[in-house]
Amino acid sequence: MYYGFYGFEYLIYILPGMILAIYAQSKISSAYSKYRKISSKSYLTGEEAARRILDRNGLTDVSIRKISGNLTDHYDPRDKTLNLSDDVFRNSSIASISIAAHEVGHALQDAEGYAPLRIRASLVPLANLGTQLSFLFIILGFFFSSFFVQLGVALFFFAVLFQIVTLPVEFNASNRAKKELADGILSEDDLKGTNEVLSAAALTYVAATLVAIGQFLRLLSIFGRRD
Numbered sequence: 004m005y006y007g008f009y010g011f012e013y014l015i016y017i018l019p020g021m022i023l024a025i026y027a028q029s030k031i032s033s034a035y036s037k038y039r040k041i042s043s044k045s046y047l048t049g050e051e052a053a054r055r056i057l058d059r060n061g062l063t064d065v066s067i068r069k070i071s072g073n074l075t076d077h078y079d080p081r082d083k084t085l086n087l088s089d090d091v092f093r094n095s096s097i098a099s100i101s102i103a104a105h106e107v108g109h110a111l112q113d114a115e116g117y118a119p120l121r122i123r124a125s126l127v128p129l130a131n132l133g134t135q136l137s138f139l140f141i142i143l144g145f146f147f148s149s150f151f152v153q154l155g156v157a158l159f160f161f162a163v164l165f166q167i168v169t170l171p172v173e174f175n176a177s178n179r180a181k182k183e184l185a186d187g188i189l190s191e192d193d194l195k196g197t198n199e200v201l202s203a204a205a206l207t208y209v210a211a212t213l214v215a216i217g218q219f220l221r222l223l224s225i226f227g228r229r230d
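Residue numbers (our numbering): 4 to 230.
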């Protein structure tokens with residue numbers, strides 16, 4: 004039998020990450036809102052800046068596509084496409100160029116075989132299973148056998164591991180973006196905005212990782228309370 008699923012320890016394990024997540028979301032919202040209104044001195048759009056960085060790094064085979072949504076930007080290594088949301092694609096704001104350059108950072112990682120990116124890609128199937136099925140098995144364990152709880156916790160571990168591996172991938176992509184933008188695309192003043200936007204974005208990944216780790220530790224705590 005299991006006790007205290009939402010007890011005091013739930014706050015100990017989960018609350019710090021949740022507080023940081025709320026703070027990180029407010030920071031990224033504030034930074035993005037601020038710098039999407041400020042045009043870069045280069046007047047390049049996000050798409051143009053991305054294309055320039057890709058071409059000078061020999062990635063002419065990577066295509067750029069405009070997609071729907073807000074901050075849905077991502078690089079897809081399967082078909083070598085850089086997918087930029089409409090606002091990032093067409094605007095010349097500091098925020099748009101910074102986000103586009105960050106996604107180009109992932110393309111650069113893919114081109115050189117950056118190990119953490121490959122590890123993260125290999126974890127995707129297990130991480131998806133962990134996210135979708137772990138709590139179902141844990142609930143089944145409440146009513147049937149502790150085996151289901153063990154299976155659920157094990158699956159959730161892969162979701163946590165995915166979040167941990169994501170940190171170096173995202174930090175490295177941002178560092179690559181800053182380096183590329185400093186090389187003739189953004190002025191020194193504009194780069195201050197890039198640092199603010201990408202640092203706020205990085206904080207959201209840190210918060211997500213802390214929440215996942217806290218949840219995993221909480222599950223281990225629950226599992227240890229069985230009779």
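All C-beta atoms, glycine included, are put in the ideal place defined by N, C-alpha and C. The structure displayed is predicted, hence computed values, not measured ones.
Selected residue, minimal CA-CA separation from residue 142, among 162, 105, 155 = By one-based count along the sequence shown, residue 142 stands at place 139. For residue 142, the nearest C-alpha among the options comes from 155.
key: residue 69 - DSSP class collapsed to helix/strand/coil   = For the purposes of this step, residue 69 is taken as the residue at position 66 of the sequence shown. The answer is strand: DSSP assigns residue 69 an E or B state.
query = For residue 6, which three-state DSSP category applies?
reply = As a first step, residue 6 is located in the sequence shown; it is residue number 3 there, counting from the start. Bear in mind that a pLDDT of 43 at residue 6, under 50, signals an unreliable position, so the number given afterwards is only what the model happens to contain. Residue state, collapsed to three classes: coil.
message = I'd like to know whether the C-beta atoms of residue 67 and residue 53 end up nearer to each other than 8 Å.
response = The residue you call residue 67 lines up with position 64 of the sequence shown. The residue you call residue 53 lines up with position 50 of the sequence shown. Contact: yes.
query = Do you know offhand how far residue 4's Cα is from residue 25's?
reply = Stepping through the sequence shown from its first residue, residue 4 is reached at position 1. Stepping through the sequence shown from its first residue, residue 25 is reached at position 22. Only weak support is given to the placement of residue 4: the predicted model assigns it a pLDDT of 41, under 50, and the value that follows is read from those uncertain coordinates. Cα to Cα, residue 4 sits roughly 33 Å from residue 25.
query = Near residue 167, which residues of its chain fall below 7 Å by C-beta distance, leaving aside the five closest residues on each side in sequence?
reply = Indexing the sequence shown from 1 puts residue 167 at position 164. Excluding residues within five positions, the ones whose Cβ falls inside 7 Å are 212.
request  = Could you check what DSSP says for residue 96 in three-state terms: helix, strand or coil?
outcome  = As a position in the sequence shown, residue 96 is number 93, starting the count at 1. Three-state DSSP puts residue 96 in a strand.
task = May I have a chain-ordered list of the alpha helix (DSSP H) segments no shorter than 4 residues that lie completely inside the stretch 26-74?
result = Qualifying alpha helix (DSSP H) stretches, in chain order: 49-59.
task = Could you say if the stretch 126-133 and the stretch 179-195 meet the contact criterion of at least three C-beta pairs nearer than 8 Å?
result = no
query = With burial defined as no fewer than 16 other Cβ atoms inside 10 Å of the residue's Cβ, what is the status of residue 64: buried or exposed?
reply = As a first step, residue 64 is located in the sequence shown; it is residue number 61 there, counting from the start. Under this definition residue 64 is an exposed residue.
request  = Identify the continuous alpha helix (DSSP H) that holds residue 87 and give its terminal residues.
outcome  = Position 84 of the sequence shown, counted from the first residue, corresponds to residue 87. Not the alpha helix (DSSP H): residue 87 falls in the beta strand (DSSP E), residues 84-88.
key: Those runs of the alpha helix (DSSP H) which lie wholly inside the stretch 175-229 and span at least 4 residues   = 191-226
query = When the distance is taken between beta carbons, is residue 98 closer than 8 Å to residue 35?
reply = One-based indexing of the sequence shown puts residue 35 at position 32. One-based indexing of the sequence shown puts residue 98 at position 95. Yes, these two residues count as a Cβ contact at 8 Å.
message = Closer than 7 Å to a non-hydrogen atom of the ligand FAD - does that hold for the CB of residue 147?
response = The ligand FAD is absent from the structure shown, which contains no ligands of any kind.
ask   = What separation, rounded to the nearest whole angstrom, lies between the Cα atoms of residue 78 and residue 153?
value = Counting from 1 along the sequence shown, the entry for residue 78 is found at position 75. Counting from 1 along the sequence shown, the entry for residue 153 is found at position 150. If you take the alpha carbons of residue 78 and residue 153, they lie about 35 Å apart.
task = Note down the Cα distance separating residue 39 from residue 202, rounded to an integer number of angstroms.
result = By one-based count along the sequence shown, residue 39 stands at place 36. By one-based count along the sequence shown, residue 202 stands at place 199. Roughly 15 Å between the two C-alpha positions.
Residue 231 - containing alpha helix (DSSP H), residue span = The structure shown has nothing for residue 231, since the chain only spans 4 to 230.
request  = Could you tell me the distance, in whole angstroms, from the CA atom of residue 92 to the CA atom of residue 179?
outcome  = For the purposes of this step, residue 92 is taken as residue 89 along the sequence shown, with counting starting at 1. For the purposes of this step, residue 179 is taken as residue 176 along the sequence shown, with counting starting at 1. For the pair residue 92 and residue 179, the Cα-to-Cα distance works out to about 19 Å.
inquiry  = Are the CB atoms of residue 170 and residue 209 within a distance shorter than 8 Å?
reply    = Your numbering for residue 209 matches position 206 in the sequence shown. Your numbering for residue 170 matches position 167 in the sequence shown. A contact, by the Cβ cut-off of 8 Å.
ask   = If you draw a straight line from the alpha carbon of residue 137 to that of residue 123, how long is it in whole angstroms?
value = In the sequence shown, residue 137 corresponds to position 134, counting from 1. In the sequence shown, residue 123 corresponds to position 120, counting from 1. If you draw a straight line from the Cα of residue 137 to the Cα of residue 123, it is about 19 Å long.
message = Between 114, 47, 198, 23, which has its C-alpha nearest residue 2's C-alpha?
response = Because residue 2 is not part of the residues shown, which for the chain are 4 to 230, the question remains open.
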